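Everything on this sheet refers to the single structure shown next.
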Amino acid sequence: MLDFKEFKNRREKLSSFLGDGVAILMNSKEAIRNRDCHYPFRSDSYFHYLSAFPEPDSIMVVIGGKKPKSVIFCQPKDEIKEIWNGYIHGPSKACEDFLFDEGYALSEFHNLLPKIIKGKKIFLLSSTEKKSGIPFLTSKWFRENDKQRKDLSEIIDGMRVIKNNYEVNIMRKSANIAANAHIHAMKYTKADKYEYEIEGEILNQFFKNNARNPAYSSIVASGINSCTLHYIENNSKLKDGDLLLIDAGCELESYASDITRTYPVNGKFSSAQKEIYQLVLLAQKAAIEKVKEDNFFDDPHKEALKIIVNGLIDLDLLKGSKDEIYEKELYKKFFMHRTSHWLGLDVHDVGKYMTNTKKKTAVRLSKGNVLTIEPGCYIRPSNEVPKEFWGIGVRIEDDVLVTSNGYDVLSKNAPKEIGELEAIIGTLND
Ligand code: GLY
Ligand code: MN
Ligand code: MN
Numbered sequence: 005m006l007d008f009k010e011f012k013n014r015r016e017k018l019s020s021f022l023g024d025g026v027a028i029l030m031n032s033k034e035a036i037r038n039r040d041c042h043y044p045f046r047s048d049s050y051f052h053y054l055s056a057f058p059e060p061d062s063i064m065v066v067i068g069g070k071k072p073k074s075v076i077f078c079q080p081k082d083e084i085k086e087i088w089n090g091y092i093h094g095p096s097k098a099c100e101d102f103l104f105d106e107g108y109a110l111s112e113f114h115n116l117l118p119k120i121i122k123g124k125k126i127f128l129l130s131s132t133e134k135k136s137g138i139p140f141l142t143s144k145w146f147r148e149n150d151k152q153r154k155d156l157s158e159i160i161d162g163m164r165v166i167k168n169n170y171e172v173n174i175m176r177k178s179a180n181i182a183a184n185a186h187i188h189a190m191k192y193t194k195a196d197k198y199e200y201e202i203e204g205e206i207l208n209q210f211f212k213n214n215a216r217n218p219a220y221s222s223i224v225a226s227g228i229n230s231c232t233l234h235y236i237e238n239n240s241k242l243k244d245g246d247l248l249l250i251d252a253g254c255e256l257e258s259y260a261s262d263i264t265r266t267y268p269v270n271g272k273f274s275s276a277q278k279e280i281y282q283l284v285l286l287a288q289k290a291a292i293e294k295v296k297e298d299n300f301f302d303d304p305h306k307e308a309l310k311i312i313v314n315g316l317i318d319l320d321l322l323k324g325s326k327d328e329i330y331e332k333e334l335y336k337k338f339f340m341h342r343t344s345h346w347l348g349l350d351v352h353d354v355g356k357y358m359t360n361t362k363k364k365t366a367v368r369l370s371k372g373n374v375l376t377i378e379p380g381c382y383i384r385p386s387n388e389v390p391k392e393f394w395g396i397g398v399r400i401e402d403d404v405l406v407t408s409n410g411y412d413v414l415s416k417n418a419p420k421e422i423g424e425l426e427a428i429i430g431t432l433n434d
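Under my numbering, the sequence shown has 57 at position 53, and the numbering climbs by one with no breaks.
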């Protein structure tokens, strides 16, 4: 259940950062899929973060200074529209339910804006500036007063990158739903099924738990498909002897989970698959151990990379000196992505990765950060690689919270030990 006081608290916190300024945020527009069919509406994440107000065609104004307040501009009630498309809050119910101080019809925005922003700094997101059809952005007035414009993202990103208990509780549930969906997929996996059948089962598990959207298009990649990082066709038949890589997470109250598991279709790792899987698992566990307050954001990546490079040298898949492998980034043939990203309302959530100082370094981890730990190793067929490794793509991904005494793996319910996986794959009779 949404707690609207929580969202009001966030607006009040934002007000306190604005000084004598005003923040203006627009919600997303409805997106057309084809002709007159729309995608289900999903609020802009910044807009949701500060309001939970779920309607398109709405603008929020958060005012700082001595008399802080928040104002919503939204669609007016419209009986005919509501018969066709469902409930519209209208300004007064929007105020009442979402705890805004004032509410007006969207059509009032242009009239009221000059008074609201007079002499004040105006904080905007670049995405708001880019959105077309906003009256004030095209108005002569605004162009002439450009100096008042300030960037809003840095302030809100700084808030969003630290999750409070309210958010962590939701993210834990989101991760649990996704972990259980992965367990179900493991049990359901058998040779000769299609990747999309597994995807359907995962989505069904999300839906059954009221997580009505995946956080991103699910990747269900068997065999060589596992070596395509953003594979979403999900239309191949599972083959006995192949690995299956599933990267799937759900959205709960707009908070994403992001979990990857990799396992053999037939329930038994081949020796080459086991070599690579054990290496990635070792790297992933070691990287998780580096999730600790005050450590650098890229410490987990450095640890994972070190282990994977050493392992690939031992397996004779990487050749040459270590210096050369690092200098020329030869490891990128097999491990070409980063180990972590922030996670939250967006799967690749907002938040800085580097400091603003001249000598750019990675930011330090803080309590309340949630990041993924997802090293991988992907081996495409090539003359330089023994055949038994061809088409092995392994990624293991967990969602990790920085706590006051280390970390908490929110997605820990998804099994990843070889013994656990082999015991559960294909056990569902259907
Ligand atoms: N599923 C997207 C990612 O792992 O970054
Ligand atoms: Mn991820
Ligand atoms: Mn992922």
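All residues carry an ideal CB built from backbone N, CA and C; glycine is no exception.
Since this is a predicted model, take the numbers as computed values, not measurements.
Y411 is the residue among K154, Y411, N115 whose C-alpha sits nearest the C-alpha of A290. Of all alpha-carbon atoms in S258, N180, Y220, G397, the one lying nearest the alpha-carbon of Q282 is that of G397. Taking 7 angstroms as the cut-off, one finds at least one heavy atom of ligand 1 near enough to the beta carbon of D262. Along the length of the region 261-302, whole alpha helix (DSSP H) runs at least 4 residues long occupy 275-293, reported in chain order. In the structure shown, W394 adopts coil according to DSSP, grouped into three states. Between the C-alpha atoms of F273 and E426 there is a straight-line separation of about 8 angstroms. Not one heavy atom of ligand 1 falls within 7 angstroms of the beta-carbon of D402. One Cα belongs to D353, the other to K97, and the distance between them is close to 31 angstroms. Between A56 and L117, the beta carbon gap of about 23 angstroms keeps them out of contact (Cβ cut-off 8 angstroms). Excluding residues up to 5 positions away in sequence, I228, C231, W394, G395 lie with their Cβ nearer than 8 angstroms to the Cβ of R384 in the same chain. Around the Cβ of E201, a 10 Å sphere holds 16 or more other Cβ atoms; the residue is buried. Counting only residues of its own chain and dropping the five nearest sequence neighbours on each side, Y43 has a CB closer than 6 angstroms to the CB of A35, R37. At a Cβ-Cβ threshold of 8 angstroms, S178 and Y259 count as neighbours. Of the residues K212, N239, N217, the one whose Cα lies closest to the Cα of A225 is N239. In this structure, DSSP gives S157 a helical state, which the three-state scheme calls helix. Straight-line spacing of the CA atoms in Q152 and Y50 works out to 21 angstroms. Runs of beta strand (DSSP E) with 3 or more residues, each lying fully within the region 35-122, are found at 36-38, 63-67, 73-78, 106-109, listed in chain order. Taking C-beta separations shorter than 8 angstroms and ignoring five residues to either side along the sequence, the partners of K278 in its chain run I422, following chain order.
Taking the Cβ atoms as the reference, D402 lies roughly 30 angstroms from S386, outside the contact range of under 8 angstroms. When beta bridges are read from the DSSP output, Y335 appears opposite no residue. Within the same chain, Cβ atoms closer than 7 angstroms to the Cβ of L347 are found at A260, D262, D353, V374, L375, T376, D403, the five residues on either side in sequence being excluded. With contacts defined as CB atoms closer than 8 angstroms, A195 and A252 fail to qualify as a contacting pair. Judged by pairs of C-beta atoms under 8 angstroms, the region 155-164 does not touch the region 183-192, as fewer than three such pairs exist.
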